[in-house]
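Visitor: Here it is, the structure, as structure tokens.
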Amino acid sequence: MVFRGDLCRARVCVVPTTTFDVPFRDLTTWVQVTTPATPRDGALPLVVLHGGPGMAHDYLRSLTALADETGRTVVLYDQVGCGRSSHRPDAPEDFWTPDLFVDEFRTVVAALGFDRYHVLGQSWGGMLGAEIAVTRPEGLASLAICNSPASMELWVQGANALRAQLPADVQQALDRHEADGTVDDPEYLDANRVFYERHVCRVVPMPQDFVDSEAQMEAEPTVYHTMNGVNEFFVTGTMRDWTVIDRLDAVAAPTLVVAGEFDEATPETWAPFVERIPDVVSHVFPGASHCSHLEQPEAFRARVAVFLAEHDGTGAPADPDVAVPSPS
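Per our numbering, the sequence shown starts with residue 2, numbered consecutively.
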């Protein structure tokens, strides 16, 4: 067991953290379990799903503070193909499917021995969370879908609308290099960074946790390039026609949908979650974008904490020391 010192609400706390590998098919999934210093009776564990696909857990590390803040166990893991889990750079395209990651999730939960649990997914993780929820797993107490689209068609439409608002020279650089196939040119990467700083993470410079995830994905981009494509708005991968919209009526778990005001996941992309999931609430963080949890970490965790407490089955209140935004 590794003990990690964290700054928790202006005090230093010691959060017990364990890491281990879970066998999955002929692969291994790296798992991190953070347990609270003071467990809260009845607080169910939270399993966090990272984005990408292929963007390892590092950029979500701040969510482990929910362990201390809510008295519950928090689980992060690297999905296969990225981070500290097994990589398969030579796997065929049809290996990388949503079903692969649903099966991996089930394997991780079974290995942890959880009977009931919450799930929070960010970006692709929210899409994966929806894929899990439509199967109605018996132990799913609630689902938080964060900064996620309900279909890739809506995602591309939203991204193109935001792209049209970029400065003219930035748009021209993007168009030119995409037409020429030179998307690794420094000019293209700089233009892409303008989009990132407006709609992906508005903290400049980028937080180190985000930098760490991005660096590992760029070093081994198999999953992201195969399933998504080159970048956030040039979607050419196998997920380009993905949608969960026609299956959302099957979601039985209470669901929280959150996004940022300037999110690349525009309101049109996540509206189907709100319109079609039977038991759902939503919240938009003013001034935030796609990485709301990095831009407004305390407000983000506070909103999530209230939702989790409401669906632990205990009626436990949120921590009174945390200011909670009113849900929309």
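Every residue, glycine too, gets a C-beta built ideally from N, C-alpha and C.
Hey, could you find the ends of the beta strand (DSSP E) Trp31 is sitting in?
Guide: As a first step, residue 31 is located in the sequence shown; it is residue number 30 there, counting from the start. Its beta strand (DSSP E) spans residues Leu28 to Thr35.
Visitor: Can you tell me whether Arg62 is buried or exposed? The criterion is at least 16 other CB atoms within 10 Å of its CB, across all chains shown.
Guide: The residue you call residue 62 lines up with position 61 of the sequence shown. Buried, because 16 or more other Cβ atoms sit within 10 Å of the Cβ of Arg62.
Visitor: Is the region 57-73 touching the region 288-303 in the sense that three or more CB pairs, one from each, lie closer than 8 Å?
Guide: Yes, they touch.
Visitor: Should Glu132 be labelled buried (16 or more other beta-carbon atoms within 10 Å of its own) or exposed?
Guide: The residue you call residue 132 lines up with position 131 of the sequence shown. Burial call: buried.
Visitor: What does Ser283 pair with, by DSSP beta-bridge criteria?
Guide: Walking along the sequence shown from the start, residue 283 turns up at place 282. Val258, per the DSSP bridge assignment.
Visitor: Please state the DSSP three-state secondary structure of His119.
Guide: As a working note, residue 119 is residue 118 in the sequence shown. Looking at His119 - three-state DSSP - the assignment turns out to be strand.
Visitor: Quick one: Cα of Asp313 to Cα of Phe274, how far?
Guide: On the sequence shown, position 312 is the one that residue 313 refers to. On the sequence shown, position 273 is the one that residue 274 refers to. Roughly 22 Å between the two C-alpha positions.
Visitor: Quick one: grab the DSSP three-state call for Pro99.
Guide: The residue you call residue 99 lines up with position 98 of the sequence shown. Helix, per DSSP.
Visitor: Can you give me the C-alpha to C-alpha distance between Val245 and His294, rounded to a whole angstrom?
Guide: Mapped onto the sequence shown, residue 245 falls at position 244. Mapped onto the sequence shown, residue 294 falls at position 293. Using only the alpha carbons, I get a separation of about 24 Å.
Visitor: Name the DSSP bridge partner or partners of Asp22?
Guide: As a working mapping, residue 22 is identified with position 21 in the sequence shown. DSSP lists Trp31 as partners of Asp22.
Visitor: Bridge partners of Ile146, per DSSP?
Guide: Counting from one through the sequence shown, the residue named residue 146 turns up at place 145. Answer is Gly122 and Val258.
Visitor: Taking its Cβ as the centre, do 16 or more other Cβ atoms sit within 10 Å of Asp95, making it buried, or is it exposed?
Guide: Residue numbering aside, residue 95 sits at position 94 when the sequence shown is read from its first letter. So Asp95 counts as exposed.
Visitor: For Gly52, which residues in the same chain have their Cβ closer than 6 Å to its Cβ, ignoring the five residues on either side in sequence?
Guide: Here residue 52 is taken as the residue at index 51 of the sequence shown, counted from 1. Taken in chain order, the residues that qualify are Gln123, Ser124, Trp125 and Gly126.
Visitor: Please report how far the alpha carbon of Pro138 lies from the alpha carbon of Thr183, in whole angstroms.
Guide: Here residue 138 refers to the residue found at position 137 when the sequence shown is read from its first residue. Here residue 183 refers to the residue found at position 182 when the sequence shown is read from its first residue. Answer to the nearest angstrom: the Cα atoms are 44 Å apart.
Visitor: Among residues of its own chain, excluding the 5 on either side of Glu296, which ones have a beta-carbon nearer than 6 Å to its beta-carbon?
Guide: Reading the sequence shown from its first residue, position 295 is the one you call residue 296. Here the set comprises Arg203, Val204 and Ala289.
Visitor: Could you tell me whether the region 99-112 touches the region 73-91, where touching means 3 or more Cβ pairs closer than 8 Å?
Guide: Yes: the two stretches touch, three or more of their Cβ pairs being nearer than 8 Å.
Visitor: Please list, in chain order, all residues of the same chain as Glu311 whose beta carbon is under 7 Å from its beta carbon, the five residues on each side excluded.
Guide: In the sequence shown, counting from the first residue as 1, residue 311 sits at position 310. Counting only Cβ-Cβ distances below 7 Å, and skipping sequence neighbours, we find nothing.
Visitor: Does any heavy atom of the ligand MN sit closer than 8 Å to the C-beta of Thr270?
Guide: Ligands are entirely absent from the displayed structure, and the ligand MN is therefore not among its contents.
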